[in-house]
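A short write-up of the structure that comes next.
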Amino acid sequence: MSAITARTRVAGVAGAPVRHSLSPLLHNAWLKAAGVDGVYVAFAPPQDGFPAFAQGLRRGAVAGINVTIPFKEEALAAADTASDLARAAGAANLLLFHEDGRIEARNTDGEGMLRALAAQAPGFDASSGPALVLGAGGAARGAIAALLEAGAPRVNVCNRTLDRAEHLAARFGPRVRAWERPDLPVLDAAVIVNATSLGLGGGAGPPLPWDRAPAEAVVMDMVYKPLRTQFLIEAEARGLRTVDGLEMLIRQAAPSFEALFGVPPPADIDARVLLLAALEAGG
Ligand code: NAP
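In this text, residue positions in the sequence shown follow my numbering: the first is 2, and each later residue adds one.
So, in structure tokens, the structure goes:
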């Protein structure tokens with residue numbers, strides 16, 4: 002980050018809580034390396050105050066914000082226009098505040114997940130078989146929308162609260178089915194995604210009958226604290242290929258950065274090394 006001036010372009014991330022977010026560290030490192038006069042900060046609107054917060058940013062107070070738990074659905078509702086993926090997901094992780102007053106919603110979570118799969122499980126093809134998504138929150142919505150767009154023949158959604166999974170199945174249509182337990186859909190899964198918050202902070206991930214998972218299934222965990230979650234450790238013990246949430250975090254941040262600051266992230270920053278150091282330091 003260079004000196005802040007009257008011309009500095011401001012963007013950020015909004016969530017509750019948000020103080021743990023690694024996004025400011027990453028985006029500010031990219032800004033500095035790219036020589037962009039910009040700054041990326043964290044906003045913590047009150048739990049019940051996101052709509053007022055978003056409307057207050059109309060007409061260019063800030064260029065845009067990433068949106069995290071628990072505001073992704075409200076972010077979409079606050080927007081005037083939305084990308085196909087955000088609309089399909091019913092959730093947005095990026096709001097752009099255009100100078101004409103329009104608020105545009107996008108969802109880069111699903112794109113980040115697919116890019117992470119491509120990077121850490123080369124050759125993985127979402128159209129090769131059904132997906133099993135564990136969880137039915139904001140992150141799951143983005144994952145389902147992206148998997149369907151990438152050609153997954155079916156997406157099985159399994160959630161503690163079955164109602165929420167059923168709601169998503171109804172929303173996305175016949176290619177999506179809701180489950181309460183993952184026993185059956187694990188049998189033919191080409192990819193298994195943990196989109197719950199289970200495992201965050203080092204606890205157990207969602208329980209899966211690993212011995213029934215196909216040997217060629219790819220397993221992805223959106224949780225990245227710790228980097229090697231119990232879920233990924235169990236998948237590896239079964240001999241499955243794994244993809245971590247840190248890669249997804251970086252890969253969803255890249256299109257956000259470009260949309261917010263008008264240039265792609267510079268190639269000379271190793272985002273993974275940067276964020277791993279922050280995670281090890283307890284960031
Ligand atoms: P969310 O909207 O709050 O959804 C949380 C999900 O976790 C729900 O499906 C919830 O089930 C489930 N869950 C929570 N506690 C549970 C428990 N004790 N047992 C079983 N299920 C439980 O959160 P989100 O935005 O979807 O995020 C989910 C996770 O993905 C978070 O850890 C987040 O940090 C991570 N994430 C990572 C990235 C990345 O770039 N790596 C991006 C987005 C999100 P119920 O419906 O039953 O409550």
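Even for Gly, the Cβ is constructed at its ideal location relative to N, Cα and C. The model shown is predicted, which means the values in this text are computed figures rather than measured ones.
- Positions of the beta strand (DSSP E) runs, each at least 3 residues long and wholly inside the region 195–261, are given as 219–222 and 242–244 in order along the chain.
- Note on P183: 16 or more other CB atoms within 10 angstroms of its CB, so buried under the neighbour-count rule.
- Counting only residues of its own chain and dropping the five nearest sequence neighbours on each side, D38 has a CB closer than 7 Å to the CB of S3, T6, R8, T9 and R10.
- Judged by beta-carbon spacing, L209 lies beyond the 8 Å limit of L228, meaning their Cβ atoms are not closer than that value.
- For M249, the shortest C-beta to heavy atom distance toward the ligand NAP is below 7 Å.
- Inclusion of A127 and A146 in the CB contact set at 8 Å is not warranted, their separation being larger than that value.
- For G138, the closest of H168, P131 and A119 by C-alpha to C-alpha distance is H168.
- Using a Cβ distance threshold of 8 Å, R59 and F98 count as a contacting pair.
- Relative to A132, the option among R142, L148 and L118 whose CA is nearest is L148.
- Inclusion of R242 and V224 in the CB contact set at 8 Å is not warranted, their separation being larger than that value.
- At least one heavy atom of the ligand NAP lies closer than 7 Å to the C-beta of R165.
- With contacts defined by Cβ atoms closer than 8 Å, N67 and L95 form a contacting pair.
- A check of alpha carbon separations from Q231 across G202, I251 and E217 identifies G202 as the nearest.
- Per the DSSP secondary-structure output, E105 pairs in a beta bridge with T82 and L97.
- The residues S128, G130, P131 and R176, in chain order, have a CB closer than 8 Å to that of P154 in the same chain once the five nearest residues on each side in sequence are set aside.
- V40 is bridged by DSSP to V11.
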